[in-house]
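J.: The structure is given below, and queries will be raised subsequently.
Number of protein chains: 2
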Amino acid sequence: MAVSFTVTQKDKHSHARLGLLKTGHGIVRTPVFMPVGTQATVKTMTPEEVQELGGEIILSNTYHLYLRPGHKLIQEAGGLHHFMNWPGPILTDSGGFQVFSLGPLRKITEEGVVFRSHIDGSEHFFTPEKSIEVQACLGSDIAMAFDECTPYPSSREYTAEAMERTTRWAQRCLAGSLGEGQGLFGIVQGGMFADLRTRSARALAQFDFSGYAIGGLSVGEPKDLMYEMLDHTVPLLPSDKPRYLMGVGSPDCLVEGVMRGVDMFDCVLPTRIARHGSVFTRRGRLVVRNAAYARDFSPLDADCDCYACRHYTRAYIRHLINTGEVLGIRLTTIHNIHFILNLMREIRQAIQDGRMVEYRNDFFKTYQDA
Amino acid sequence: MAVSFTVTQKDKHSHARLGLLKTGHGIVRTPVFMPVGTQATVKTMTPEEVQELGGEIILSNTYHLYLRPGHKLIQEAGGLHHFMNWPGPILTDSGGFQVFSLGPLRKITEEGVVFRSHIDGSEHFFTPEKSIEVQACLGSDIAMAFDECTPYPSSREYTAEAMERTTRWAQRCLAGSLGEGQGLFGIVQGGMFADLRTRSARALAQFDFSGYAIGGLSVGEPKDLMYEMLDHTVPLLPSDKPRYLMGVGSPDCLVEGVMRGVDMFDCVLPTRIARHGSVFTRRGRLVVRNAAYARDFSPLDADCDCYACRHYTRAYIRHLINTGEVLGIRLTTIHNIHFILNLMREIRQAIQDGRMVEYRNDFFKTYQDA
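Residue numbers (this note's numbering), protein chains in the order written: chain H, 2 to 371; chain G, 2 to 371.
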């Protein structure tokens, strides 16, 4: 297996841990946040910019790349790394989440899912085997099993059905033909039902996945409920494999997720709110496009040393966003990705220094989520 | 006068010349192309990126900045250089061109122009004095006189009237209160009428402007007519002052303009066509967003060594533009600005080596304009 994981340090007062995730395109220090490059680009950024901010691994979306430009085209280009000029590790999702959430019409059978493209309405059929085939063409370092993510709230009956199907699909994904160096992660489902999470985790833990993701959280439920599910689920996962909490990236959830033993995170939040003119600060989110900042000649965040904060004022960035200038969302994106990756660096340092609990407590003294 | 100009070399076989334009924010080598930062940003680029490509001076738009974020706000920010983090020289236009071309309703009197904002329809009044006041607040290195640019075609009568008014307004601009280090350029008008160009140039040459612009060209007339007007007008301008051909930036026109003795150019063309998925090459324009390039894994321009051409394929850039990803237009913009600034470097070298005519002839062996 080309993807391997080593836990290098465990925190004594929480479930937090340090690790090294080894892939054919480099080693990733965990806990890690993966910036999202949905369409083979981390929105607004060059690969060099992502790396300069400390990005070590990115996520890209199978569903989007399958539709545009097409996985065969990317294969012809020499795979996703070559296509987008990203030299580091890439994790691809399975397409499951988008197939189930973006498609206007979808029909689920045991075999797979018929869905319509959100772009042109064309009909497509995805199966576990197809997802693996597409991810093999993309050539990511880590592929994800094709799963069904249940929305919140969902009935116990439907959640159980989707979870059991996800487990059967995971086995079909394992039997699929990934490329030489590609690892495969299984995905635990089970919604907000602890016993279903138990069944899912135990079933998947029987197979030798390269890692285990927790899916179906951060789908609209209260944060306390998400933390409760994490408290319940993480201990059920193999402790020698990386644990990946999918779709989570708000600063408070990253801190709480690490405390509960999560090693990997991804989320569109930092890039998405940047495009809407919002930035993270140690006190919470700041909506810099608001009129209140028109004549504010201070940086986005006085505590930050990113490129945007070193050289530009809130007034200027607000002007850029207000007039639709691309540089505006480039600067807010740089700031937000820096903020999150810097948070992860601090978290890793805190674990290394044996003061993760203290770090968490300090963090919440100032941070208020939007 | 804080802005000065020295001709350092004259070509023996054409009117081309090398010069140094000195400003309070640095020295500019001419002939020069000025990238346009309409709204206090060269679209999609950081100032460092503009500089890395060899940009020495940029142009920004008085009309746009007056409306958003407002010249007083920029003055509060410490001037345009501080506001946008551009350390080099800046030339601001007078707002005249936009007032006359963008405003849906405008009323011209001897005193000035009443116009409506293209953003919210609000009514504004611009006079030569007001234009100078706004440019003083912006703190540009070179301010432009407030002029009336006649469209093509225009009657001789209207063109003469507008030209005479422009001359009177130029004197009022000279009497205005620019900042300490700011230079002021006069603008020759007169449309496509050689004798009106003569009258305009002779009238303005009587005053001690820091430089002389040729306005009202590249407004829709055939290129031969533009070259004819340049042939006629340039010799009428003081030879010890910089000559600036406004709004011209297609590669062929830059070469022909330099041949006729022009020292400075600006144009939105490189950034605008970049946003629409077109790039310059030595053979002419290439519309990379076209389906023909979907599987083309060669660079935008095989002869180019810009960042975009060193790292990315036409297929990838087309995918980015096709999916609305900002990185796509960042890459085409980098390529186009590099192409134009590199062309100007080659032109300066050719003049220095005494082979500008040869360079022009070689250039047109391959180049075909869109």
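We put the beta carbon where it would ideally sit given N, CA and C, even for glycine.
It should be emphasised that the depicted structure is a prediction, and the values quoted were computed from it without experimental measurement.
I need the DSSP call for S95/H, collapsed to helix, strand or coil.
T.: Coil, per DSSP.
J.: Excluding the 5 residues preceding and the 5 following R361/H in the sequence, name in chain order all residues of the same chain whose CB lies nearer than 7 Å to its CB.
T.: Closer than 7 Å at the Cβ level, and outside the excluded window around R361/H, lie V256, M260.
J.: Could you spell out the range, first to last residue, of the beta strand (DSSP E) harbouring E124/H?
T.: Residues 124-127.
J.: Taking 6 Å as the line, does the beta carbon of S95/G fall inside it for any heavy atom of the ligand FAD?
T.: The ligand content of the structure shown is nil, which means the ligand FAD is not present either.
J.: Counting only Cβ-Cβ distances shorter than 9 Å, please list the residues of the segment 296-316 of chain H near chain G, keeping chain order.
T.: Taking 9 Å as the Cβ-Cβ cut-off against chain G, the residues of the segment 296-316 of chain H that qualify are R296, F298, Y308, H312, Y313, T314, A316.
J.: Helix, strand or coil: how does DSSP classify V4/G here?
T.: Looking at V4/G - three-state DSSP - the assignment turns out to be coil, as it is neither helix nor strand.
J.: Of all the CB atoms in chain H, is at least one closer than 7 Å to the CB of A78/G?
T.: Chain H, which has a Cβ nearer than 7 Å to the Cβ of A78/G, makes this yes.
J.: For S15/G, which residues of its own chain have a beta-carbon under 6 Å away from its beta-carbon, when the five flanking residues on both sides are left out?
T.: If we look at S15/G and ignore the five residues flanking it on each side, its Cβ neighbours are M260, M357, V358.
J.: Measure the C-alpha to C-alpha separation of H26/G and D142/G and round it to an integer number of angstroms.
T.: Answer to the nearest angstrom: the Cα atoms are 7 Å apart.
J.: Hey, out of Q136/H, E53/H, F34/H, whose CA is closest to H65/H's CA?
T.: Out of Q136/H, E53/H, F34/H, Q136/H has the C-alpha closest to the C-alpha of H65/H.
J.: Quick one: is Q40/G near chain H, going by C-beta distance under 7 Å?
T.: So yes, Q40/G belongs to the interface.
J.: Does T324/H get closer than 7 Å to chain G when you measure Cβ to Cβ?
T.: By this cut-off, T324/H is an interface position.
J.: At a CB-CB cut-off below 7 Å, which residues of chain G make contact with R273/H?
T.: Within 7 Å Cβ-Cβ: nothing; R273/H doesn't reach chain G, min ~13 Å.
J.: Are A161/H and T151/H closer than 7 Å when you measure CB to CB?
T.: No; because the gap between Cβ atoms is not below 7 Å, this pair is not in contact.
J.: Restricting to Cα atoms, I'd like to know which of E77/H, T39/H, M85/H is closest to G96/H.
T.: Of the listed residues, the one whose Cα sits closest to G96/H is T39/H.
J.: Suppose you measure from the CA of G329/H to the CA of K44/G; what does that come to, to the nearest Å?
T.: Spanning the two alpha carbons is a distance of roughly 10 Å.
J.: If we ignore side chains and look at the alpha-carbon of each, how far apart do K23/H and F6/H end up?
T.: K23/H and F6/H: Cα-Cα distance of roughly 6 Å.
J.: Distance, Cα to Cα, G212/G vs G80/G?
T.: Their backbone Cα atoms lie some 22 Å apart in a straight line.
J.: Taking the alpha carbon of A17/G as the reference point, which residue from T110/G, R244/G, E112/G, N323/G has its own alpha carbon closest?
T.: Among T110/G, R244/G, E112/G, N323/G, the Cα nearest to that of A17/G belongs to R244/G.
J.: Within 10 angstroms of its Cβ, does D302/G collect 16 or more other Cβ (buried), or is it exposed?
T.: So D302/G counts as buried.
J.: Taking contact to mean 3 or more Cβ pairs, one atom from each stretch, closer than 8 Å, check whether the segment 233-249 of chain H and the segment 189-203 of chain H are in contact.
T.: Enough Cβ pairs lie closer than 8 Å, so yes.
J.: Taking Cβ-Cβ distances shorter than 9 Å, what residues in chain H pair up with L54/G?
T.: Under the 9 Å cutoff, chain H gives no residues; its nearest Cβ is about 14 Å from L54/G.
J.: I need the straight-line Cα distance from S123/H to L103/G, nearest angstrom please.
T.: Cα to Cα, S123/H sits roughly 41 Å from L103/G.
J.: In chain order, which beta strand (DSSP E) runs of at least 3 residues are fully inside the segment 243-297 of chain H?
T.: Correct list: 244-246, 265-268, 279-282, 285-288.
J.: How big is the Cα-Cα spacing for E77/H and Y313/G?
T.: Their Cα atoms are separated by approximately 14 Å.
J.: Applying the 10 Å Cβ sphere with the 16-neighbour rule, what's the burial state of H72/H?
T.: It counts as buried.
J.: Are the C-beta of P70/H and some C-beta of chain C separated by less than 7 Å?
T.: Here the protein chains are H and G, and chain C is not one of them.
J.: Would you grab the beta carbon distance between T42/H and L321/G for me? Rounded to a whole angstrom, and I think it's under 8 Å.
T.: Yes, they are in contact, since the Cβ atoms of T42/H and L321/G sit about 6 Å apart, within 8 Å.
J.: At a Cβ threshold of 7 Å, is H320/H touching chain G?
T.: It does; some Cβ of chain G falls within 7 Å.
J.: Which of the residues in the segment 81-101 of chain G, read from start to end, lie with their CB under 8 Å from any CB of chain H?
T.: Against chain H - using a Cβ distance shorter than 8 Å - the residues of the segment 81-101 of chain G are F84, M85, N86.
J.: Anyone know if the C-beta pair for G216/H and M247/H falls short of 7 Å?
T.: Against a cut-off of 7 Å, the Cβ pair of M247/H and G216/H comes out as a contact.
J.: CA-CA distance, A171/G and T128/G?
T.: A171/G and T128/G: Cα-Cα distance of roughly 11 Å.
J.: When DSSP labels each residue in this structure, what does Q350/H get in the three-state scheme?
T.: Three-state DSSP puts Q350/H in a helix.
J.: Assess, as a yes-or-no matter, whether the segment 52-59 of chain H is touched by the segment 172-181 of chain H under the definition of 3 or more beta carbon pairs within less than 8 Å.
T.: Flag = no, the segment 172-181 of chain H and the segment 52-59 of chain H do not touch.
J.: Please state whether the Cβ-Cβ distance between A309/H and I335/H is less than 7 Å.
T.: Going by C-beta atoms, A309/H is nearer than 7 Å to I335/H.
J.: On a Cα-Cα basis, can you pick out the residue from F365/H, A275/H, F266/H that is closest to P36/H?
T.: It is F266/H whose Cα lies nearest to the Cα of P36/H.
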